[in-house]
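Heads up: the sequence shown at position 238 corresponds to 238 in this note's numbering, and the numbers run straight through without jumps.
For glycine and all other residues, C-beta sits at the position ideal for the given N, C-alpha and C.
Quick caveat, the model's predicted, so the values are computed rather than measured.
These notes concern the structure reproduced below.
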Amino acid sequence: MKRLNKGSVFLLLGGVALVAVGCAPMKPADQEIGGLAPEPVPTMAPPPPTPPPPLPSAPPPGYAPAARMAMARPPVPVQQGDSYQAVEENAVKAVAEAPVSTFSVDVDTASYANIRRFLEQGSLPPPDAVRVEEVVNYFRYDYPVSKVKAKPFNPVVAVYPSPWRQGAEIVHVGLAAYDVPAEARPPANLVFLVDVSGSMDAPDRLPLVKRSLRMMLDGLRDDDRIALVTYAGESRTILPLTPGKDRALIADAIDKLGAGGGTGGQGGLTAAYALAEGAAGEGRVSRVILATDGDFNLGISDPKKLAEFVAGYREKGVALTVLGVGRGNYRDDVAQALAQAGNGQAVYVDTLHEARRALREQLGGTLLTVANDVKIQVEFNPARVAEYRLIGYETRMLRNQDFNDDKVDAGDVGAGHRVTALYEIVAPDSKARLLDPSRYQPEGKGKAAPAGAGNEIAFLKLRWKAPGAKDSQLVTRPITSKDRVPSLDQAGTEVRFAAAAAAYGQKLRGSSFVKDYPWVAVEALASGARGTDPNGERAEFLRLVKLAGALDKR
Numbered sequence: 001m002k003r004l005n006k007g008s009v010f011l012l013l014g015g016v017a018l019v020a021v022g023c024a025p026m027k028p029a030d031q032e033i034g035g036l037a038p039e040p041v042p043t044m045a046p047p048p049p050t051p052p053p054p055l056p057s058a059p060p061p062g063y064a065p066a067a068r069m070a071m072a073r074p075p076v077p078v079q080q081g082d083s084y085q086a087v088e089e090n091a092v093k094a095v096a097e098a099p100v101s102t103f104s105v106d107v108d109t110a111s112y113a114n115i116r117r118f119l120e121q122g123s124l125p126p127p128d129a130v131r132v133e134e135v136v137n138y139f140r141y142d143y144p145v146s147k148v149k150a151k152p153f154n155p156v157v158a159v160y161p162s163p164w165r166q167g168a169e170i171v172h173v174g175l176a177a178y179d180v181p182a183e184a185r186p187p188a189n190l191v192f193l194v195d196v197s198g199s200m201d202a203p204d205r206l207p208l209v210k211r212s213l214r215m216m217l218d219g220l221r222d223d224d225r226i227a228l229v230t231y232a233g234e235s236r237t238i239l240p241l242t243p244g245k246d247r248a249l250i251a252d253a254i255d256k257l258g259a260g261g262g263t264g265g266q267g268g269l270t271a272a273y274a275l276a277e278g279a280a281g282e283g284r285v286s287r288v289i290l291a292t293d294g295d296f297n298l299g300i301s302d303p304k305k306l307a308e309f310v311a312g313y314r315e316k317g318v319a320l321t322v323l324g325v326g327r328g329n330y331r332d333d334v335a336q337a338l339a340q341a342g343n344g345q346a347v348y349v350d351t352l353h354e355a356r357r358a359l360r361e362q363l364g365g366t367l368l369t370v371a372n373d374v375k376i377q378v379e380f381n382p383a384r385v386a387e388y389r390l391i392g393y394e395t396r397m398l399r400n401q402d403f404n405d406d407k408v409d410a411g412d413v414g415a416g417h418r419v420t421a422l423y424e425i426v427a428p429d430s431k432a433r434l435l436d437p438s439r440y441q442p443e444g445k446g447k448a449a450p451a452g453a454g455n456e457i458a459f460l461k462l463r464w465k466a467p468g469a470k471d472s473q474l475v476t477r478p479i480t481s482k483d484r485v486p487s488l489d490q491a492g493t494e495v496r497f498a499a500a501a502a503a504y505g506q507k508l509r510g511s512s513f514v515k516d517y518p519w520v521a522v523e524a525l526a527s528g529a530r531g532t533d534p535n536g537e538r539a540e541f542l543r544l545v546k547l548a549g550a551l552d553k554r
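Shown next as structure tokens:
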């Protein structure tokens with residue numbers, strides 16, 4: 001599917017947001033490489049235990065026959081409260097029956113910040129609010145970064161003992177996208193699309209949005225151009241595209257925003273897309289940033305229909321990114337539907353700290369896409385693997401035939417973004433097996449393996465398109481016994497921290513796969529892999545693990 005860098009859209013939604021040539025196997029901890037060693041269902045979330053607090057501030061530092069699709073239950077009415085798409089956790093697959101797993105990458109981080117909001121209010125998040133891949137991908141892992149723009153990924157792989165299941169192993173796949181220095185990125189056209197409906201009249205909504213946009217404004221260049229569109233009962237263009245050097249004028253327009261009225265999201269989206277598409281030019285990046293709590297109660301309000309509307313503009317080269325705010329009626333299902341349909345990123349902003357992280361520190365990845373339709377496919381060797389389970393990515397599963405079909409949309413990756421995927425695997429002779437062997441499909445047999453593939457655990461394939469290209473590119477990498485480290489302690493800090501993040505996410509979902517892995521073990525695993533932690537995000541994660549452990553009485 002063709003996507004041009006010349007047009008894309010941001011959406012702020014209330015209450016959010018292989019072998020590649022030269023790729024080396026993961027090394028043990030004493031030989032680390034870049035720090036890495038060997039129809040949707042709205043469900044009612046529990047109401048917050050306390051009234052909304054003052055304007056948030058920074059927290060303390062510190063499938064397919066071969067792969068079943070995630071199950072989504074039909075929508076149910078919600079009178080009050082947040083709403084989420086209900087998804088069934090990925091099941092264990094028998095390699096003899098389904099040896100291939102295919103999914104789209106995901107760089108969203110909305111789930112992590114939303115989870116933090118629940119924990120800090122003194123309650124566990126509803127299970128459907130937890131998307132484990134977004135928890136894992138929240139952190140910026142020290143993976144080797146590709147230096148070649150034409151090959152934006154330099155994958156790394158590690159295989160190590162599962163921390164929570166004796167006899168099982170984790171296959172860790174990490175990607176670090178090609179990065180672009182701030183001064184080298186193309187100038188941007190940004191259309192801020194802000195929800196000013198009555199539901200945004202709360203300290204953690206419009207006021208937080210205004211301060212977030214002001215913060216983002218400070219990180220833009222003089223040759224960038226900014227427009228401001230608002231919507232409530234109707235849409236209004238408050239500020240036409242204005243040069244970034246006129247910061248005082250832009251800031252004044254942002255400061256004067258006020259909330260009131262119903263929410264007519266469709267009109268605002270139409271106006272913002274028209275501006276983004278009309279302003280696009282060669283050599284410029286055009287995006288629209290919509291800030292909302294997602295409480296669309298006028299115009300198109302069904303998430304599926306909204307997604308179809310957004311997807312129509314995606315075909316014209318305009319992408320949509322969602323930045324969400326608010327609590328109590330946060331429409332996470334809408335945010336996710338829009339971001340996925342619009343080839344954008346969903347971010348949940350609960351504090352100014354999170355706004356700074358998403359809109360300043362990671363601005364390049366937010367503005368500049370380096371790879372479109374990024375898909376991952378893994379084929380497991382039945383002689384080495386009997387069962388596997390993909391941890392997370394339930395809403396991103398693809399049919400196996402979709403991998404080679406360039407018409408099938410998948411996630412986009414921005415400059416400098418990190419992507420991590422984890423599989424839990426079990427060998428044919430392991431006592432940790434959960435599924436009975438097939439009576440009629442002998443394990444470890446089939447067509448002859450390629451020459452030299454005897455030590456392969458799996459085969460990794462990565463497919464993507466260069467921005468604006470119609471045809472995809474492919475890199476492959478065998479995952480072999482050379483990628484295996486004998487103990488968890490010998491895995492690098494980045495690998496172990498990702499495992500801790502995955503355990504945290506699974507436990508918050510109430511996953512049966514980690515029910516016997518205590519919170520203190522999650523904390524110990526994360527603490528031992530904290531690393532340098534320059535921004536205090538891993539220290540904050542440890543604090544959240546302790547909070548979750550204290551609140552979890554299951």
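Excluding the 5 residues flanking it on each side, G510 has same chain C-beta neighbours closer than 7 Å at P127 and R554, in chain order.
Membership of D373 in the beta strand (DSSP E) is indicated by the continuous run T369 to F380.
A502 and L363 have their alpha carbons spaced roughly 26 Å apart. Within the same chain, M26, V173, I479 and D483 come within 6 Å of V157 by CB-CB distance, once the 5 residues on both sides are set aside. In this structure, the alpha-carbon of L551 lies about 13 Å from that of I115.
Put simply, the backbone Cα of I238 is about 8 Å away from that of A227.
The beta-carbon separation of Y330 and G294, rounded to 7 Å, stays under the 8 Å limit for a contact. Between A341 and V322, the CB-CB gap reaches or exceeds 8 Å.
Just measuring C-alpha positions, the residue of V370, G244 and P442 sitting nearest K149 is V370. In the DSSP secondary-structure assignment, K93 is bridged to Y388. Taking C-alpha positions only, A188 is separated from P428 by approximately 53 Å. Looking from the CA of V485, the closest CA among Y160, A524, G326 and A113 belongs to Y160. In this structure, DSSP gives N189 an extended state, which the three-state scheme calls strand. Burial is judged here by how many other beta carbons sit within 10 angstroms of a residue's own beta carbon; S212 has at least 16 and is buried. Going by DSSP, D412 is part of the beta strand (DSSP E) stretching over G411 to G414.
Checking the DSSP bridge columns, you'll see P161 partnered with E169. The continuous alpha helix (DSSP H) containing A341 extends over residues D332 to A341. Straight-line spacing of the CA atoms in G324 and N154 works out to 31 Å.
Beta-bridge annotation (DSSP): V426 is paired with A168 and E387. For E456, the enclosing beta strand (DSSP E) stretches over residues E456 to K465. Secondary structure of Q345 (DSSP, three-state): coil.
Excluding five sequence positions before and after V545, the CB atoms of its chain that fall closer than 7 Å to its own CB belong to Y504, W519, V522, E523 and A526, given in chain order. Rounded to whole angstroms, Y388 and D218 show a C-alpha spacing of 46 Å. By the Cβ-count criterion, G260 is exposed, with fewer than 16 other Cβ atoms from all chains shown falling within 10 Å of its own Cβ.
If you look at Q506, you'll find it in the alpha helix (DSSP H) that goes T493 to R509.
With fewer than 16 neighbouring CB atoms inside 10 Å of its own CB, P437 falls in the exposed class.
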